[in-house]
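Protein chains in written order, with our numbering: chain G, 18 to 672; chain C, 5 to 503; chain S, 5 to 108; chain H, 938 to 1135.
In this text, a Cβ means the ideal position worked out from N, Cα and C, and glycines have one as well.
This report refers to the structure that appears directly beneath it.
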């Protein structure tokens, strides 16, 4: 089975859709572009599903272990005989899973956007960018070469830039797009150097070879662990730098600042890129190199754990205070990705120890479903209300029944209430954490409770609380939808993805995930400890009840609490001033202390030296010119002085 | 069979034809000449690849040798390898697009196109010469017309810039000349001296002589390629030059220097190259970082691109200084890539300027709405500059980095990390520029009246874009084209250095 | 006679020469500059004659040199004066400071 | 006795010369020059070179000085003082001259001349004439002829240079704006047409 051609088609179809729309469709048939993109993606998804089926149930397993397969590999650029960038396809459980997730969520978003983006001026461009993004993301997940992953990594970055800056005449969108790109680019610098380090010592760029060489006792492993720099081994440095790239894309502390701003893009884009797919690329990257992390360099994995855990708690706290619903979701995304990160961090390699790995991937999977659902639901709400602010919402449950129900499902899922999808994956993570590290476990469980609280704060604020009053102002980007009360909850194209995703959020947890995706490819038997689950579920329920008390009806309690915890509240509301620190560093330090001096030095010192040379030459010529005065006597004097000079030279000096 | 002299005859004839053509038809003649040249160059490249594939292992193909000035053994000696072919193709493309972009030049069009073709003649001659003196001769041919192009057709402080550029480049070629002569007198072929590059490469120049000659040559060529701290002609020169001249200047002229550094300085004096490599790396790293930071603060589109060229050409020198095969291959690829990219960048800046009559970023804004084609191309050029995969810049820079990292000493490592860091700064300034100048709300109602690209502009942009994509999407052909020759250069170096 | 040797005469010619130089450098009138030149020429003549007298008394070559010198000096003076007169017609002056058009 | 004669001559030469270059009356300067030249002629007589002394008197005193006097009359009033030389230049020139003089004198003083011991040749007019017009070795006929050519050439040159020709202004110096009629120039710069000479 597993025909190479079909697998290649999965990323190529979105690319073709991108090229077709960008070059031809945009001008000639702009209104059909959405349908074109959607059909391409549907085909792609079906292919991905076939491949997944084949891999998991037909061809992937040899002797009960899921194999890594490389059905295709093309030499793209050769650096030296062993080190080359190959474009290839690497199939293993995680990449196949990611293929399905990406194509599926992308399909949902494509479909949803048919209604959501209808009437936009750059409707066709939007779809072409979606195609480009999907292509890059698919290319990323099937990469067989660490440099290939870096290339697609950059490409998803740029497509994210283009999509965030979709409303390019809005300065805030432009700023957000720039910020997203630059911050991730900065992180990618680490990734790049990490690649250089790893490639230098392992002598290859190919994932399989690299992992083999760095996990089994070889010369390369010996070289990379003995070479040290600033007290850490080259391997630690390489992995940490690679992780820095992953942390940037996955919005981990402290490189998370771009994610909330990235919500300036159209909401379906946020669902696709900034919730379900691109932001988990960091997790994927760590998972891809997991054997190396786990077997050869546990210290780097410690860093991953702590970064993940702190990000998850940190983001959860901030999410409680935000009022822009998309920002709440953005922080919740960050928090959930933190979950996945530390789940990887606490995991060991193979067998029972690999529980965290499995849980992380499982959570990645379920999270993609319910977070996409949350964003799409939020999109529907925004579409209806024309505002991102909670204060403009409230009491929408009767006006938008489908959205209400699906949103509730998603909130329950993320809060970890059984039997929704999030419950299962979160339980696995908590178990893994519990077995590995108590501190992490405490952080995790606190985060879970806070998550339940802020998600339901969001839910109640949107759908309950006060009665809905239409706001009079109309957003620029939805100018085409002046008649918004006529379209009701939104067209069918918007409702259908919500329903599908809602359904999946309910049932996804029952997938036998542990049998499919594990660190070493062997199925993992997990048992379900009902006693263990009581505490987290109770805590989550507590969070929900607390939110209910505060936000179900309009009341002064939230304000009172906010006043009570003034310092913490303000700090969290301002995202703990991390943006300001960055701004200070870039604007004040880099621009004023490096950029401006560089420009000044160039203009005045370097160029000044050149101009000084020219000036001296010019002045000298003026000086000499004056000697050419036309006065015979001056000439005679020079002549005379010259003669005397020569006489002296010849008599006294040149003996 | 290919005759390389045709590469010189076509531009020469078309330049002469431009003189005798009418003012209106001059541009057509020039275009035809450039097209013929591109056609012939492509044919040459294909047949070169064919020869190589057929197993021809001569270092230089299609050699022609004629005595030019016998008493000093100066010969007209030409021949090409992959390196020169890459450069010739680059020149052919940039000249063609330069002519297209300046299609509507109305001030003395005949003289303009004549000078442009003359410049290209110099560049072609430089790239195919295997005799150092002939090479120098063509280098000079490529300098003088620039002075006139900027001085007559330029804008802003054009006299100042033209003078500065001409003087600095002249100083560079003076250094080269001195180095050349020193080298000449250190050669020995049966008791006589020679300028023959291939012969010199096989003999051993005394190390004391190399220590003296190498800096002369390297700085001389380095001035051409805007090496820090001799780069200051570039910003002023580019900003005052007419569009086509800017394209030529950044696209080809700066490559003359890079090519010279590699082919003459590093190739012929490997020991000195090895000894001085730390200085080269130091200077180029400074150029890369400092150029990038200086770009951050510029407000004029052309200055932005000029400083970014300083930074990008730093990669060329950086790659050469690293003295590993991969890094040198990367340097060559960076030359080609930067040539195409910067030509595209300057071309689109020219198109924008033609419409808005300003290059100040602060006065632009929202252009994406009114002239989408030009701006899209502009943004793609910017993305290429910041090293987006799929476009040529990425491939070249990554090759340089990979090659640079092969040097295990801490100094090279730190330099490489710093050079890598510049890609972040590049991203910052490119995004700041595009964000401020083409995105955002429309700043000026006049912008709404602009017409999008005309046929010539589209033709030029698409040609360059295709080349950039061809390298970016399928880099192996370029890499395969040049790497045998960089291997030869490396062999020469490792033979004496034992590296 | 024995006390007055070549050295004495050379002292005279040397003094005369530098007097001429001084005059040539300081005088602003072209005619007086010409006079200074005559002094210089004469100092040379003295040298020729003196060398002939004291060092090669058996020959006459020094004498001939000074003879020719005198002749040439005469020709020179004539041409110079012609030029001076011509200049005077142009500038209405024979001040050397005025005749500085051949500069830069 | 002879010494006294010599010192008198030397004084005449040097003082005359010095006054000739410093006097501010041009006519007097010419006269002082005359004294100096006569002193030089005296020196020649003192050295027993009568012929050259006679030539000196004839050519210089009789020819050149007279020529100069004529030119002084032609060019300017002889009565008034000439302009003072620039002080800076006077100092510089004086220093240079004194320094140079001292330098040369010290060389002369330090040099040992070897006087000829051979019998002296009589510098009579006969001997001079014989050797000058001799075509044999050490004969001076060729320089003699060349000098005669030179004299002829300089004679013609004097005539050509000094002769007055009337030509229209624009025909002579077409390119010099100073001589163009149609350009408004300060009056002192515009020459009358009849003043323009070749």
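Check, Outcome
"Run through DSSP, which three-state label would residue 1135 of chain H get?", "Unreliable positioning characterises residue 1135 of chain H in this predicted model, as indicated by a pLDDT of 38, which lies under 50. A coordinate reading is not provided."
"For chain H, is any of its Cβ atoms less than 8 Å away from the one on residue 95 of chain S?", "no"
"Determine, for residue 976 of chain H, whether the minimum Cβ-Cβ distance to residues of chain G falls below 8 Å.", "no"
"Kindly indicate which residue of C:471, C:412, C:441 has the alpha-carbon position closest to the one of residue 217 of chain G.", "C:412"
"Starting from the beta carbon of residue 435 of chain C, find every residue of chain G whose beta carbon is closer than 7 Å, and list them in chain order.", "195, 198, 199"
"On the three-state DSSP scale, how would you describe residue 66 of chain C?", "strand"
"Please report the distance separating the alpha-carbon of residue 94 of chain G from that of residue 484 of chain C.", "9 Å"
"Apart from the five residues on each side of it in sequence, which residues of its chain come closer than 8 Å, Cβ to Cβ, to residue 412 of chain G?", "480, 481, 482, 483, 484, 485"
"Going along chain H, which residues have a C-beta under 9 Å from residue 618 of chain G?", "Result: empty, since nearest Cβ-Cβ is about 45 Å, beyond 9 Å."
"With a threshold of 8 Å, are at least 3 pairs of Cβ atoms found where one atom belongs to the stretch 463-476 of chain G and the other to the stretch 376-389 of chain G?", "no"
"Taking only the alpha-carbon atoms, compute the straight-line gap between residue 113 of chain C and residue 282 of chain C and give it to the nearest angstrom.", "47 Å"
"Please report how far the alpha carbon of residue 92 of chain G lies from the alpha carbon of residue 64 of chain G, in whole angstroms.", "25 Å"
"Check each residue of the stretch 1075-1102 of chain H: if its Cβ is closer than 7 Å to any Cβ of chain S, include it; give the result in chain order.", "1077, 1080, 1084, 1087, 1088, 1091, 1094, 1095, 1098, 1099"
"Closer than 9 Å, Cβ to any Cβ of chain H: which residues of the stretch 653-667 of chain G, in chain order?", "654, 657, 658, 660, 661, 664, 665"
"Name the chain G residues that come within less than 7 Å of residue 47 of chain C, Cβ to Cβ?", "In chain order: nothing, as chain G lies at least about 26 Å away."
"For residue 176 of chain C, which of C:236, C:198, C:201 has the nearest alpha-carbon?", "C:236"
"Looking at the strands, I want to know which residues DSSP matches up with residue 249 of chain G.", "G:246"
"What does residue 963 of chain H touch in chain S if you count any residue whose Cβ is under 7 Å from its own?", "33, 35, 36"
"How about residue 338 of chain G and residue 590 of chain G: do their beta carbons lie closer than 8 Å?", "yes"
"Counting only runs of 4+ residues fully inside the stretch 1002-1062 of chain H, write out the alpha helix (DSSP H) ranges in chain order.", "1002-1012, 1024-1047"
"Rounded to whole angstroms, what is the Cα-Cα separation between residue 256 of chain C and residue 193 of chain C?", "34 Å"
"Pull up the DSSP beta-bridge partners for residue 244 of chain C, would you.", "DSSP output for residue 244 of chain C lists no bridge partner at all."
"Note down, one range per segment and in chain order, each beta strand (DSSP E) of at least 3 residues found wholly within the stretch 323-357 of chain G.", "none"
"Taking buried to mean at least 16 other C-beta atoms within 10 Å of its own C-beta, is residue 208 of chain C buried or exposed?", "exposed"
"Residues of the stretch 79-96 of chain G with a CB closer than 7 Å to any CB of chain C: list them in chain order, please.", "92, 93, 94, 95, 96"
"What number of angstroms, rounded off, separates the C-alpha of residue 52 of chain C from the C-alpha of residue 23 of chain C?", "33 Å"
"Could you check where the beta strand (DSSP E) with residue 89 of chain G kicks off and where it finishes?", "86-95"
"Who are the neighbours of residue 29 of chain S on chain G, taking C-beta pairs under 8 Å?", "650, 653, 654, 657"
"Among G:206, G:52, G:73, G:164, which has the Cα closest to the Cα of residue 421 of chain C?", "G:206"
"Spatial neighbours of residue 426 of chain G within its chain, please: CB distance less than 7 Å, with the 5 preceding and 5 following residues excluded, ordered by chain position.", "437, 519, 522, 523"
"Tell me the residue span of the alpha helix (DSSP H) that contains residue 116 of chain C.", "113-132"
"When the cut-off is 8 Å and only beta carbons count, does residue 424 of chain C lie next to chain G?", "yes"
"Among G:119, G:141, G:194, which has the Cα closest to the Cα of residue 159 of chain G?", "G:119"
"CA-CA distance, residue 953 of chain H and residue 976 of chain H?", "8 Å"
"Consider the Cβ of residue 945 of chain H: report whether some Cβ of chain S lies at a distance smaller than 8 Å.", "no"
"Buried or exposed: where does residue 1074 of chain H fall if 16 or more other Cβ atoms within 10 Å of its Cβ makes it buried?", "exposed"
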